[in-house]
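Just so you know, we're using numbering that gives the first Met the number 0 here: the sequence shown kicks off at 0 and counts up by one.
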Amino acid sequence: MPAQAILVAAPGAVLREIGRWSITLKIGSLMLLVIVLAGIFAPVVAPFDPYFQDYDRVLLPPNGTHLFGTDQLGRDLFSRVIYGIRIDLVVGFIITFVPMIYGVAIGALAGYYGGVLDGVLMRLLDTAIAFPFLVLIIVVIAILGPGVHSIYIAVFLVAWTMYARLARAEMLVERSKDYMLAAKTLGYPTSRIIFRHALPNIIGSSVVFSMADFVLNILLLSGLSFLGLGIQPPEPEWGAMVAEGRDFIFENWWICTLPGLAIVVAGTSLSLIGDGLARRLGQRHQAIL
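Here you go:
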């Protein structure tokens, strides 16, 4: 097929695929797209420097100039919420999908090989799951000190376990199927069998789970920042902004309410995407069966 024909056909194929999405997946994707674009173009969207303090405009309610009002230091709250997208979504993305990558890889290898490797992995998983997830993270951050790097280390140490368990369970089912046996018979390398043939069939459940995990990680990041263990002021992180505004919640409700609303909107978009992906994955499984 000529290159021009491929370029013309590609947008049509994408639109047809989007047309088959459920309404929840479409709405969630549109919401997330708007949020991501606002974060990318924050210097254009945000009318003020998120760090600029104007003591002549302290604690102003939402108005035409300051859409979300100002905080106790005179900083424009709308600009801080917009710039907060870059922190919350980027950090949330990293602490969700990095553990997913190596967790799925470890689980797939253990499920494929079985034996000693599988036994060792299961003992590690049982040990990690025996301790409360949040307590482990708080302990690690308390030892290393607050900050984004401590959050990365703490989450990376424990978050992979659920993905590994899920991928292992999927691989135990897949490894006995005909296409896997055929690949072994043809002498394909193990790496190709696992990552090229089996992985596309076991990754769907992990992707669906990752959407729910993404929401929880945004809440985790905001909660840690609220407790003073996460992103530190004056960075425009949503949880830290809620914490800064809690002393003004009755007289100046917008300082903590509007950053909290941003957390809700971002979480809702990801939840809708996860629900839509789960339904789509279920439809594909039914079609195969």
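Quick reminder that beta carbons are idealized off the backbone N, C-alpha and C, glycines included.
Self-check item: Whole-angstrom distance between GLU236 and ILE34, CA atom to CA atom
Solution: Reading the sequence shown from its first residue, position 35 is the one you call residue 34. Reading the sequence shown from its first residue, position 237 is the one you call residue 236. Each residue's Cα considered, the two are about 15 Å apart.
Exercise. Return helix, strand or coil for ASP75, following the three-state DSSP convention.
Key: Locating residue 75 in the sequence shown gives position 76, counting from the first residue. Three-state result, ASP75: strand.
Quiz prompt | When VAL134, TYR162, TYR54, GLY203 are compared against PRO98, the one with the closest alpha-carbon | solution = Taking the first residue of the sequence shown as position 1, residue 98 is located at position 99. The shortest Cα separation from PRO98 among VAL134, TYR162, TYR54, GLY203 belongs to TYR162.
Exercise. Measure from the alpha carbon of LEU219 to the alpha carbon of each residue in ARG85, ALA153, PRO42, ALA127, then state which is nearest.
Key: To locate residue 219, count along the sequence shown from 1; it is residue 220. Answer by Cα proximity: ALA153.
Quiz prompt | THR64 in three-state terms, based on DSSP | solution = On the sequence shown, residue 64 is found 65 positions in, with the first residue counted as 1. THR64: coil per DSSP, three-state reduction.
Quiz item: How would you call TRP252, buried or exposed, if buried means at least 16 neighbouring beta carbons within 10 angstroms?
Solution: Here residue 252 is taken as the residue at index 253 of the sequence shown, counted from 1. With fewer than 16 Cβ atoms within 10 Å of its Cβ, TRP252 is classed as exposed.
Self-check item: Own chain, CB closer than 8 Å to VAL7, minus 5 neighbours either side, in chain order
Solution: In the sequence shown, residue 7 corresponds to position 8, counting from 1. Any answer about VAL7 is weak, because its pLDDT of 45 lies below 50 and its placement is not dependable; what the coordinates show is given next. Cβ neighbours of VAL7 beyond the five flanking positions: none.
Self-check item: Residue closest to ILE217, alpha-carbon to alpha-carbon, out of ALA277, SER268, GLY113
Solution: Here residue 217 refers to the residue found at position 218 when the sequence shown is read from its first residue. Closest option to ILE217, Cα to Cα, is SER268.
Exercise. Taking ILE137 as part of the alpha helix (DSSP H), name the residues at either end of that continuous run.
Key: Position 138 of the sequence shown, counted from the start, is the residue given in the question as residue 137. Going by DSSP, ILE137 is part of the alpha helix (DSSP H) stretching over 132 to 143.
Quiz item: Considering only C-alpha positions, which residue in the set ARG79, GLY118, TYR151, VAL139 is nearest to LEU66?
Solution: Within the sequence shown, the letter at position 67 stands for residue 66. Looking at the Cα atoms, ARG79 is the closest of the given residues.
Self-check item: C-alpha distance - GLN231 paired with VAL147, whole-angstrom precision
Solution: Here residue 231 corresponds to residue number 232 of the sequence shown, with the count starting at 1. Here residue 147 corresponds to residue number 148 of the sequence shown, with the count starting at 1. One C-alpha to the other measures close to 9 Å.
Exercise. May I have the straight-line CA-CA distance separating PHE130 from ILE136, to the nearest angstrom?
Key: One-based indexing of the sequence shown puts residue 130 at position 131. One-based indexing of the sequence shown puts residue 136 at position 137. Near 10 Å, if we compare the C-alpha coordinates of ILE136 and PHE130.
Exercise. For PRO49, I'd like the list of residues in its chain whose CB is within less than 6 Å of its CB, leaving aside the five on either flank, ordered along the chain.
Key: Residue mapping note: residue 49 aligns to position 50 of the sequence shown, counting from 1. Around PRO49: SER78, ARG79, TYR82, PRO235.
Quiz item: Comparing alpha-carbon positions, which option in ALA277, ILE86, TRP159 lies nearest GLY106?
Solution: Stepping through the sequence shown from its first residue, residue 106 is reached at position 107. Minimum Cα-Cα distance from GLY106 among the listed residues ALA277, ILE86, TRP159 corresponds to TRP159.
Quiz item: In whole angstroms, what separates the C-alpha of PRO145 from that of LEU31?
Solution: Here residue 145 refers to the residue found at position 146 of the sequence shown. Here residue 31 refers to the residue found at position 32 of the sequence shown. Taking the straight line joining both Cα atoms gives about 28 Å.
Quiz item: Hey, how far is the Cα of ARG174 from the Cα of GLY113?
Solution: For this step, residue 174 is matched to residue 175 along the sequence shown. For this step, residue 113 is matched to residue 114 along the sequence shown. Each residue's CA atom was taken as its position, placing ARG174 and GLY113 some 11 Å apart.
Exercise. Rounded to whole angstroms, what's the CA-CA distance from GLY110 to GLY118? Just pull it up for me.
Key: Taking the first residue of the sequence shown as position 1, residue 110 is located at position 111. Taking the first residue of the sequence shown as position 1, residue 118 is located at position 119. Taking the straight line joining both Cα atoms gives about 10 Å.
Quiz item: Taking only runs of the alpha helix (DSSP H) that begin and end inside the region 214 to 281, which ones reach a length of at least 4 residues, in chain order?
Solution: Here the runs fully enclosed are 237 to 244.
Quiz prompt | Stretch-stretch touch, CB-based, cutoff 8 Å, three pairs: the region 171 to 185 with the region 220 to 227 | solution = The region 171 to 185 is not in contact with the region 220 to 227.
Quiz item: Going by alpha carbons, who is nearest to LEU108 out of ARG191, SER221, ASP274, PHE96?
Solution: Reading the sequence shown from its first residue, position 109 is the one you call residue 108. Among ARG191, SER221, ASP274, PHE96, the Cα nearest to that of LEU108 belongs to ARG191.
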